[in-house]
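Asker: Numbering (this note's numbering), first residue to last: 1 to 416. From the three backbone atoms N, C-alpha and C, an ideal C-beta is built for every residue, glycine too.
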Amino acid sequence: MTDRLYYHDSFLYDFDGVVRELTTDKDGRPALVLDHSAFYPTSGGQIHDTGWLTSASGKLRVVEVADTEDGRVVHYFEAERDFDKESLKPGTRVRGQIDAARRRDHMQQHSGQHVLSAAFLRLFNIPTVSFHMADDYCSIDLDTPTLTKEQVESAERLANEIILENRPVNVSYVTREEAGKLGLRKLPPTERDELRLIDIHDFDLTACGGTHVNQTGQIASVLLRKTEKVRQGWRVEFVAGQRTVATARRDFTTLTETAALFSAHIYDVPAQARKALDEIKSLRKQREQSLEELAAAQASALLAETPEAYGRKLIVRTFADRELNVLKLLAQKLTRQSPNAIALLATTSPQPALIFAQSAGQPHDMGALLKETMAKLGGRGGGSKDMAQGGVPSANGLEDALAQAAAKLTVTASAT
């Protein structure tokens, strides 16, 4: 087993170690196992440390740290070309250096989670069932069927009060039997005889193997960002420490830029956004009504100028800058305004497409005709006997394809 130095000092960023084993993962990625290490492996919801290992042969970048079932800590490196097996044989001494900024961030997030979970439990008897740490946010899952805005704000307020009081955070080791008598917030299911306890003075006591601050003031602050219903309860997204500052700065910049677009104050952005959305909805309805009226008028004009032949009116048109839904609306108007209309329509942009339609009761099969046309153009589409549509990769050959389809319909009509 690897002696885990972070158990005793989370602020230990530099250490000396001895190579015990050279190994690789299933993809051939090289790694080292040391006799002891200050690198934290991904575990318990907390993500791993990164940093460097230096030996006489050079400096290796540690990009991932993993925990094995038998208690070893495995340090993975950037690339195989940087890994000199001969110079890092078992027994080689190395110097480890933790990425201090990343470690401090993780300590703030994990310690912040302890305070926040304890706050929800103390105020509302809501237990935390899981914790997740990502690169830019953290989350806890709460075992509760409901979670109100007032509960979230109260838990956040209490957590920040405990942080402001700068309470000591102590580490101790007890047997499992002893832990069962101490009133832990959560007793882990592990079979270990000895448990590592994190004690936030007179506020929270729980078993945890992660890295933590020495005093709650080092967390700086906790900011709850988002809540969502999940299968096991409610998920609360939060940030702590320097992430709080970075998140607040990003939020403020976003709000400021958005407010500038509306020529308004940042606190007026929600009202301005609602007003803009209402206007968009109104304009969309007006546009839809205008398109309906335009399609109906255009259909009437096309039917009026199209002579009847073989008992039906065949309208063949190619349009530019016509969206497919607008083309479909025109086809519907044509076939509903006349009992004997057949429409073969195409648009060349923004996306080349075709619509074949006929009035109800007409004898042709628009779906089959479109499929045959698509085969010539290299496109895809489908539909029913009375209406079919499809898209093609290029506008080249559209007009010729419509002419051929129209000719086939004419031949069929003349034969009958």
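Tell me the residue span of the beta strand (DSSP E) that contains M133.
Answerer: Taken as a continuous stretch (DSSP letters only), the beta strand (DSSP E) holding M133 covers T128 to M133.
Asker: Rounded to whole angstroms, what's the CA-CA distance from G445 to R235? Just pull it up for me.
Answerer: No statement about residue 445 is possible, as the shown extent of the chain runs from 1 to 416 and does not include it.
Asker: Quick check: G96 and D14, are their CB atoms within less than 8 Å of each other?
Answerer: The answer is yes: Cβ separation under 8 Å.
Asker: Sort L329, R122, N166 and A297 by Cα distance to S221 and report the nearest one.
Answerer: Selected option, being the one with the closest Cα: N166.
Asker: How far does the alpha helix (DSSP H) with M374 in it extend, from its first residue to its last?
Answerer: Start and end: M366 to L377.
Asker: Of the choices R231, R4 and A66, whose alpha-carbon is the least far from that of S37?
Answerer: Checked all of R231, R4 and A66; the closest Cα to S37 is R4.
Asker: In whole angstroms, give me the CA-to-CA distance for E69 and D202.
Answerer: If I take the Cα positions, the gap works out to 34 Å.
Asker: Could you check whether G379 and G390 sit closer than 8 Å to each other, using their CB atoms as the reference points?
Answerer: The answer is yes: Cβ separation under 8 Å.
Asker: Between V63 and I47, what straight-line distance do the alpha-carbon atoms span, to the nearest angstrom?
Answerer: So the alpha carbons of these two residues sit roughly 12 Å apart.
Asker: What separation, rounded to the nearest whole angstrom, lies between the Cα atoms of N160 and L223?
Answerer: So the two alpha carbons sit approximately 9 Å from each other.
Asker: Measure the alpha-carbon distance for T175 versus D199 and round it to whole angstroms.
Answerer: Cα to Cα, T175 sits roughly 15 Å from D199.
Asker: My assumption, with CB atoms under 8 Å, is that A276 sits in contact with K333. Please give the rounded CB distance.
Answerer: That belief does not hold up - the Cβ atoms of A276 and K333 are roughly 32 Å apart, past 8 Å.
Asker: Please say whether V73 and P41 have beta carbons closer to each other than 8 Å?
Answerer: Yes, the pair counts as a contact, with Cβ atoms nearer than the cut-off.
Asker: For a test of the three-state rule: what should DSSP assign to A273, helix, strand or coil?
Answerer: A273: helix per DSSP, three-state reduction.
Asker: Please identify the residue among T247, G180 and A331 whose C-alpha is closest to the C-alpha of L354.
Answerer: Measuring from the Cα of L354, the nearest candidate turns out to be A331.
Asker: Roughly how many angstroms separate the alpha carbons of R93 and G44, rounded to a whole number?
Answerer: Cα to Cα, R93 sits roughly 30 Å from G44.
Asker: Counting C-beta neighbours from all protein chains within 10 Å, is the total for D105 16 or more, i.e. buried, or is it exposed?
Answerer: D105 comes out buried.
Asker: Is H114 helix, strand or coil by DSSP?
Answerer: Residue state, collapsed to three classes: helix.
Asker: What is the DSSP secondary structure of L142, counted as helix, strand or coil?
Answerer: Strand, per DSSP.
Asker: How would you call E156, buried or exposed, if buried means at least 16 neighbouring beta carbons within 10 angstroms?
Answerer: Classification for E156: buried.
Asker: Relative to the alpha-carbon of T54, which residue among K181, L32, V411 and V230 has its alpha-carbon at the smallest distance?
Answerer: Among K181, L32, V411 and V230, the Cα nearest to that of T54 is on L32.
Asker: Run the CB neighbour count on A407, radius 10 Å, all protein chains shown included, and call it buried at 16 or more, exposed below.
Answerer: So A407 ends up on the exposed side.
Asker: Which of helix, strand or coil does DSSP assign to Y40?
Answerer: It is coil, neither helix nor strand.
Asker: Mind pulling the alpha helix (DSSP H) runs of 4 or more residues that sit fully within the segment 314-375?
Answerer: 324-337, all fully within the segment 314-375.
Asker: Is the beta carbon of A357 sitting closer than 8 Å to the one on T373?
Answerer: In this structure, T373 does not lie closer than 8 Å to A357 by Cβ.
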